[in-house]
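Asker: Can you keep this structure in mind? I'll have questions shortly.
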Amino acid sequence: LLSLCHAEEAAVIVSGLRSTDVFVGESATFTCELSHPGVKNVQWWLDGTPLHNNLVTEISEQDGRIHTLTLNDVACHDSGTVTFRAGSLISSAKLLVKGISLLA
Numbered sequence: 001l002l003s004l005c006h007a008e009e010a011a012v013i014v015s016g017l018r019s020t021d022v023f024v025g026e027s028a029t030f031t032c033e034l035s036h037p038g039v040k041n042v043q044w045w046l047d048g049t050p051l052h053n054n055l056v057t058e059i060s061e062q063d064g065r066i067h068t069l070t071l072n073d074v075a076c077h078d079s080g081t082v083t084f085r086a087g088s089l090i091s092s093a094k095l096l097v098k099g100i101s102l103l104a
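Going by full-length UniProt numbering, the first residue of the sequence shown is number 1, and it counts up by one from there.
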């Protein structure tokens with residue numbers, strides 16, 4: 001009976017976001033791995049703006065633990081801080097989008 005009553009341990013971030021540099025028009029991918037599935041209120045942000053699944057923003061989840069954000073066809077104005085939140089857990093990283101300079 002006691003074995004059924006143990007408290008569920010809180011999830012932790014096993015592998016956080018890593019800062020990424022990409023060129024204009026490329027894709028940038030950020031991944032955050034949690035210790036176990038079932039964490040509620042998962043949300044991605046770019047410079048404080050919530051992100052949602054659409055043509056340029058792909059948000060996916062694998063096994064309920066590995067959360068991935070891919071920003072497609074990025075532009076210079078996409079540079080900023082990407083933040084992953086899952087409940088009280090937070091991980092952030094920088095996205096730097098570099099322009100392509102054409103040499104004459």
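A virtual CB, placed ideally from N, CA and C, is assigned to each residue, including glycine.
Jot down the residue ranges of each uninterrupted alpha helix (DSSP H) in the region 31 to 81, minimum 4 residues, whole runs only, in chain order.
Answerer: Here no run is fully enclosed.
Asker: I'd like to know whether the C-beta atoms of Ala75 and Val24 end up nearer to each other than 8 angstroms.
Answerer: Cβ distance < 8 angstroms, so Ala75 and Val24 count as in contact.
Asker: Less than 6 angstroms between C-beta atoms, sequence neighbours within five positions excluded: which residues of the same chain meet that for Ser35?
Answerer: Ala11, Val12 and Val14, listed in sequence order.
Asker: Identify the continuous beta strand (DSSP E) that holds Leu96 and give its terminal residues.
Answerer: Where Leu96 is concerned, the enclosing beta strand (DSSP E) stretches over Leu89 to Lys98.
Asker: Pick from Gly99, Asn72, Glu26 and Val39: whose alpha carbon is nearest that of Asn53?
Answerer: Residue Asn72 is the option with its Cα nearest to Asn53.
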